[in-house]
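Residue numbers (the numbering used here): 594 to 774.
One structure is given below, encoded as structure tokens.
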């Protein structure tokens with residue numbers, strides 16, 4: 594079966610930077626609903642369109658087509674007493690960008706450093722600013738169910754099946770929903 598709109602694609606991936614330094618060897622394959630549902634990067638959908646199980650390729654995706662350019666304005670330093678204890682590097686908090694207001698979209702900030710009563714927060718995606726190489730191997734292609742099309746994502750074994758996309762799969766122990774002003 595060919596990969597077209599409203600097919601569910603299972604693909605194994607390896608993610609490297611532009612210098613071929615391995616960043617992630619997908620321990621679990623990506624299983625996504627193909628066809629512009631924003632379940633994977635558009636560049637991945639484009640290269641897989643019309644392909645079948647067994648197809649393999651390597652693509653390079655520039656920052657603007659992946660996780661964006663690194664934005665220094667999304668790095669903040671806050672007093673540590675604004676945060677719950679214990680506070681650890683890697684924890685995440687929801688906040689408004691420094692130049693934003695209450696009506697702006699919230700950003701997820703990751704704690705990147707803690708020192709001398711201060712916390713460094715970074716609202717950039719960890720892969721922002723990087724050109725990325727994806728080694729892709731299509732494992733399976735099947736027709737999507739009407740329910741998958743209605744819900745706009747794949748269901749079934751190996752798929753995190755929950756309609757709450759707000760935390761983008763973040764580990765609940767590492768994600769705190771407090772507003773940082």
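Glycine included, C-beta positions come from ideal geometry on N, C-alpha and C.
CB of residue i within 9 Å of CB of residue j, strictly
i: residue 716; j: residue 750; result: no
i: residue 656; j: residue 724; result: yes
i: residue 704; j: residue 680; result: yes
i: residue 720; j: residue 615; result: no
i: residue 626; j: residue 597; result: no
i: residue 632; j: residue 708; result: no
i: residue 670; j: residue 714; result: yes
i: residue 722; j: residue 630; result: no
i: residue 620; j: residue 603; result: no
i: residue 688; j: residue 702; result: yes
i: residue 658; j: residue 634; result: yes
i: residue 594; j: residue 739; result: no
Residue span of the beta strand (DSSP E) that contains residue i, given as start and end
i: residue 736; result: 725-736
i: residue 740; result: Premise fails: residue 740 lies in the alpha helix (DSSP H), 739-744, not in any beta strand (DSSP E).
i: residue 644; result: First-last for residue 644: undefined, no H or E at that position.
i: residue 660; result: First-last for residue 660: undefined, no H or E at that position.
i: residue 631; result: No beta strand (DSSP E) holds residue 631; DSSP gives it neither H nor E.
Where the alpha helix (DSSP H) containing residue i begins and where it ends
i: residue 639; result: 635-641
Bridge-paired residues (DSSP) for residue i
i: residue 609; result: 615, 726
i: residue 625; result: 602
i: residue 711; result: 672, 708
i: residue 651; result: 728
i: residue 689; result: Beta-bridge pairing links residue 689 to no other residue.
i: residue 747; result: For residue 747, which the question treats as bridged, DSSP gives no partner whatsoever.
i: residue 703; result: 685, 715
Inset, instruction - Indicate whether the contact test is met: 3 or more Cβ pairs, each with one atom in the stretch 666-681 and one in the stretch 636-644, closer than 8 Å. - result: no
Inset, instruction - Check whether the stretch 720-740 touches the stretch 645-660, counting contact only when three or more Cβ pairs, one atom from each stretch, lie closer than 8 Å. - result: yes
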